[in-house]
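Please read the structure below before turning to the comments.
In this note's numbering, the protein residues as written are 511 to 951.
Next up, the structure:
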């Protein structure tokens, strides 16, 4: 039975959310959550690329002639303390330059009477940037970006949300990359109007297609190294797709369990290994074709720019003190054939250690073929995860695919069917709310 005949029964959260374009924000006070987490050294930005993701939404909102727009963001890990090494102030100057505005108002706090007064006194149409949200312990309600726990009372969370509500009428989240975090500014339940910005809306539209309405045939490509984490996505995607490629370091646990391959010092996930035979049986039952590598380029450890590379087949195995560093030529051809058959592709994770020029052929070959398939098949193609996005940037593939997600870990979690707090809290589309909210004129 084909996927077209079987209703999909997956746990993924609803992704159809209210958009900034559904709102009448003229003369309204707008609070916009963005991701301006960029490297700063000696009060100077060393890389402003992240800022460009936010510009489209900022410009759109300003064009609607709001009373003012307030930008809020995190930067670094000051752990709830004010620290000049993590001040967001230098970003105000860069925003002012890029947007060609006379002034971007920077306030050295996020909440409080002084912030409220300065917002109230600001000229019509002002763009205001508040200080780093992570200076305030009330911002972090769960795990920090580095995985450490921060304990916070519900009262503290509500205090920050209502303090932000006093300076704005509308909350717009355009920070997909941090939407998986339990941050107060992500939840913002004090706002009746909570919508997605242009970046977040685009992300949700593509992942809505990937999880609920893909074109056929549907191929998903997995690479990288963290099988324990990736297994959640692999399991969630299995009932949806027609074909699945498993490459990179993920494949060695599969090959050791299923083929008895000797994998040398390559990555092996003991916790996942016992479940892989059952996984393959379910794939067969669902008529999903799972493609694994048949050959590899291997190298000795530690890996350097001058490392030696050898081509081996699965039957040969990998000797001790060697690791699989990239997929081989025969594997690349097999994977390319699967890609060329697809009309919808999601790719998460590289095929090898792409940081070293000797081991880029697999990932670059996959990227080129996904780009060609986007054009030739009119396929929808989505690149997910930081390393996959880095590959696209490195080899000029960003314009050749349908969508390169800005989400990093957020995109991984959404494909795994996990709920993102910063998305769940947003309102459902316009038709559900028009009767109740005066802002929808």
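For each residue, glycine too, the CB sits at the ideal point set by N, CA and C. Since we're looking at a predicted model, the values are computed, not measured.
{"Check": "Candidates 620, 851, 561: closest to residue 883 by CA position", "Outcome": "851"}
{"Check": "Inter-residue Cα distance where the pair is residue 658 and residue 871", "Outcome": "At residue 658 the pLDDT is 42, less than 50, meaning the model places this residue with poor confidence; the figure from the coordinates comes in the next sentence. Cα to Cα, the separation comes out at about 37 Å."}
{"Check": "Contact with chain B by residue 775, beta-carbon distance below 8 Å", "Outcome": "Among the protein chains of the structure shown there is no chain B, as only one such chain exists."}
{"Check": "Beta-ladder partner(s) of residue 799, from DSSP", "Outcome": "753"}
{"Check": "Local conformation of residue 578 per DSSP, three classes", "Outcome": "strand"}
{"Check": "DSSP-derived helix/strand/coil call for residue 541", "Outcome": "strand"}
{"Check": "Inter-stretch contact at 8 Å, needing at least 3 Cβ pairs: the stretch 723-732 / the stretch 694-704", "Outcome": "no"}
{"Check": "Pair within 8 Å by beta-carbon distance, residue 504 and residue 743", "Outcome": "Because the chain spans 511 through 951 in this model, residue 504 falls outside it and cannot be assessed."}
{"Check": "Cβ neighbours of residue 919 in the same chain (closer than 7 Å, five flanking residues each side left out)", "Outcome": "690"}
{"Check": "Which listed residue (755, 809, 842) has its alpha carbon closest to that of residue 799", "Outcome": "755"}
{"Check": "Residue 741, buried or exposed, once every other Cβ within 10 Å from all chains shown has been counted against 16", "Outcome": "buried"}
{"Check": "Residue ranges of each alpha helix (DSSP H) within the stretch 854-900, 4 or longer", "Outcome": "871-886"}
{"Check": "Neighbourhood of residue 599 by C-beta distance below 6 Å, restricted to the same chain and skipping five residues each side", "Outcome": "616"}
{"Check": "Contact set for residue 873: own chain, Cβ-Cβ below 7 Å, skip 5 residues either direction", "Outcome": "860, 861, 862, 864, 901"}
{"Check": "Which residues DSSP lists as bridging residue 820, in chain order", "Outcome": "808"}
{"Check": "Those residues which DSSP pairs with residue 555 across a bridge", "Outcome": "550"}
{"Check": "Where the beta strand (DSSP E) containing residue 636 begins and where it ends", "Outcome": "636-640"}
{"Check": "Supposed contact pair residue 848 and residue 888 - C-beta distance, whole angstroms, cut 8 Å", "Outcome": "Going by Cβ atoms, the distance from residue 888 to residue 848 rounds to 18 Å, so no, they are not a contact pair."}
{"Check": "Pairwise C-alpha distance: residue 679 and residue 893", "Outcome": "35 Å"}
{"Check": "Rounded C-alpha distance that separates residue 681 from residue 552", "Outcome": "32 Å"}
{"Check": "Cβ contact (3+ pairs, closer than 8 Å) linking the stretch 600-619 and the stretch 630-638", "Outcome": "yes"}
{"Check": "Beta-carbon proximity check, residue 775 vs residue 811, cutoff 8 Å", "Outcome": "yes"}
{"Check": "Whole-angstrom C-beta distance between residue 683 and residue 639, which should lie under 8 Å", "Outcome": "Actually they are not in contact, since the Cβ atoms of residue 639 and residue 683 sit about 17 Å apart, beyond 8 Å."}
{"Check": "Integer Cβ distance of residue 817 from residue 868, believed to fall under 8 Å", "Outcome": "6 Å"}
{"Check": "Residue 782 versus residue 626 - alpha carbon distance", "Outcome": "52 Å"}
{"Check": "Residues of its chain near residue 767, where Cβ-Cβ distance is below 7 Å and the 5 sequence neighbours each way are ignored", "Outcome": "783, 786, 787"}
{"Check": "Cutoff 6 Å; reference residue 530; Cβ partners in own chain excluding five residues on either side", "Outcome": "682, 705, 707"}
{"Check": "Reduced DSSP secondary structure (H/G/I, E/B, other) of residue 729", "Outcome": "strand"}
{"Check": "Close-in-space but distant-in-sequence residues of the same chain around residue 916 (CB under 6 Å, 5 per side omitted)", "Outcome": "563, 686, 687"}
{"Check": "C-alpha distance - residue 959 paired with residue 603, whole-angstrom precision", "Outcome": "Here the chain comprises residues numbered 511 to 951, so residue 959 is not present and cannot be evaluated."}
{"Check": "Close beta carbons around residue 937, own chain, < 8 Å, minus the five adjacent residues each side", "Outcome": "527, 528, 703, 704, 705, 943"}
{"Check": "Check whether residue 565 and residue 608 have beta carbons under 8 Å apart", "Outcome": "yes"}
{"Check": "Length-filtered (3 minimum) beta strand (DSSP E) runs lying within the stretch 700-748", "Outcome": "703-706, 728-732"}
{"Check": "Nearest-angstrom Cα separation, counted from residue 857 out to residue 570", "Outcome": "30 Å"}
{"Check": "C-alpha gap between residue 734 and residue 574, whole angstroms", "Outcome": "43 Å"}
{"Check": "Residue 628 versus residue 672 - alpha carbon distance", "Outcome": "17 Å"}
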